[in-house]
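The block underneath contains the structure these notes are about, expressed in structure tokens.
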Amino acid sequence: MKKKDGAIARPAMVSAGRPLKRRIMDNWQLYAMLLVPVVLTVIYKYIPMYGIQIAFRDFKASKGMWGSEWIGLEWFERFFSAPTCWRMIKNTLLLSFYSLLWGFPIPIILALMLNQLRFRRFKRATQTVLYAPHFISTMVICGMIRIFLSPSGGLINLIAGTSIDFLTESSAFRTIYIASGIWQDAGWGIIVYMATLANVDTSLYEAAKVDGASMFQRILHIDVPQLSSIMVLNLIMSAGGLMNVGFEKVWLLQTDLNKAASDVIAVYVYQQGIENAKYSYSTAVGLFNTAVNIVLLMAVNKMASKISEDTSFV
């Protein structure tokens, strides 16, 4: 019996211990397919990183990248001493955190609700209505928001019987930004969850019904555990862009009167780098933003690994 077990185990050990060159030759088609995205990633993502050094230089176009003076952390010190620095960091963190807090569970709830629908035509029509806003450009979405919130004839003011210009209210900006983001992206976000729920074994539902489980109990004990892995993965991916507040929407909805809540790092980088041509300074601010993103991503990944220790990707 031991010999038989050894005979069975030996091929696996030999297969795992094959030289790398041999494994590549055996699966060269897969490696060839992988080569294209790897090369594109290196060219467009990694090679341009050498330009990050201008964050530590007083970049002059006439002197070029290497001829510009090295000044170390001077641009970072300038950013942290700016009067609006901490306001921008606060607004960026709050907008990102609230967007994740309110926007992350909505697609899950919608997917669980749609999964319970048994009328296929109504289910497809509902999915289409929820998906549609995702295909509308950000500029058009912001134009619609301005029309809806217009103090003269806007839908919201007509319903409320008021004439308030909400876009001039700093206290309303975060609500407008987050609510419009949920409306635009929640429907698209349910696709992954719906695909996961479609693969759930129907015998589990039948067994639960026989045992007398209610619809809520079936959702809680069958659907939610099936979604847990993809939920953690989406949480990690969302945390990776926590500081990347949507620049276009903030820029298009920003006014002089709501800057107390809409002044974020992404807009500041655009203003300093594109409008004022302060390339080194804007690069330094953007690099700080990226560094914070990396730290937040590592923290969320660590937290997720403790919550789902049996998840393979954590």
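Be aware that the sequence shown starts at 114, since it is given in my numbering, and climbs by one per residue.
Heads up, the beta-carbon is just placed ideally off N, CA and C, and yes, glycines get one too.
So L366 packs on I289, CB below 8 Å; how close in whole Å?
Right, the Cβ-Cβ distance comes to about 7 Å (below 8 Å), so this counts as a contact.
Short check: CB of D336 to CB of N228, under 8 Å?
In contact: D336 and N228 (Cβ atoms closer than 8 Å).
Do the region 379 to 391 and the region 303 to 319 meet, that is, are 3 or more Cβ pairs less than 8 Å apart?
Counting Cβ pairs under 8 Å, fewer than three are found: no touch.
Counting pairs of beta carbons, one from the region 201 to 220 and one from the region 360 to 380, are three or more of them closer than 8 Å?
Result yes; three or more Cβ-Cβ pairs closer than 8 Å.
Excluding five sequence neighbours on each side, which residues of the same chain lie with their C-beta closer than 7 Å to the C-beta of E282?
Excluding residues within five positions, the ones whose Cβ falls inside 7 Å are N371.
List in chain order: all unbroken alpha helix (DSSP H) runs of 4+ residues lying wholly within the region 187 to 252.
Those alpha helix (DSSP H) runs which fall completely within the region 187 to 252 and span 4+ residues are 187 to 193, 198 to 216, 218 to 228 and 233 to 244.
When you compare only the Cα positions, how much space is there between P196 and A373?
Computed Cα separation, rounded: 12 Å.
Around the Cβ of K419, are there at least 16 other Cβ atoms within 10 angstroms (buried) or fewer (exposed)?
K419 comes out exposed.
Grab me the residues of I295's own chain with a C-beta within less than 6 Å of its C-beta, minus the 5 sequence neighbours each way, in chain order.
Closer than 6 Å at the Cβ level, and outside the excluded window around I295, lie G216 and I219.
Determine whether the beta carbon atoms of Y306 and I167 lie at a separation below 8 Å.
The answer is no: Cβ separation not under 8 Å.
Go ahead and label T396 buried or exposed: buried means 16 or more other beta carbons lie within 10 angstroms of its beta carbon, across all protein chains shown.
T396 should be labelled buried.
Can the beta-carbon of F211 be found closer than 8 Å to that of I303?
The sequence shown places Tyr at residue 211, not Phe. Not closer than 8 Å, so no.
Considering only C-alpha positions, which residue in the set N402, M411 and L333 is nearest to I222?
Considering only alpha carbons, the answer is L333.
Kindly identify the DSSP beta-bridge partner or partners of W183.
R170.
Once you ignore the five residues that flank S128 on each side, which residues in its own chain have a CB closer than 8 Å to its CB?
Interpretation of S128 is limited by its pLDDT of 48, a score under 50 that renders its predicted location unreliable; no figure is taken from the coordinates.
Within 10 Å of its beta-carbon, does I165 have 16 or more other beta-carbons around it, so buried, or fewer, so exposed?
Per the 10 Å Cβ criterion, exposed.
State the Cα-Cα distance for the pair I407 and M162, rounded to the nearest angstrom.
C-alpha separation (whole angstroms): 16 Å.
If I follow the unbroken alpha helix (DSSP H) through Y318, where does it start and stop?
Where Y318 is concerned, the enclosing alpha helix (DSSP H) stretches over T315 to V323.
Using three-state DSSP, classify K99 as helix, strand or coil.
In this structure the chain extends from 114 to 427, so residue 99 is not present and cannot be described.
Once you ignore the five residues that flank R131 on each side, which residues in its own chain have a CB closer than 6 Å to its CB?
Excluding sequence neighbours, R131 sits near nothing in its chain.
Once DSSP output is grouped into helix, strand and coil, what is the label at N402?
In the structure shown, N402 sits in a helix (DSSP, three-state: H, G or I).
Does DSSP classify N312 as helix, strand or coil?
Coil.
Please report the residue range of the alpha helix (DSSP H) in which K158 lies.
Element bounds for K158: n/a, residue is neither H nor E.
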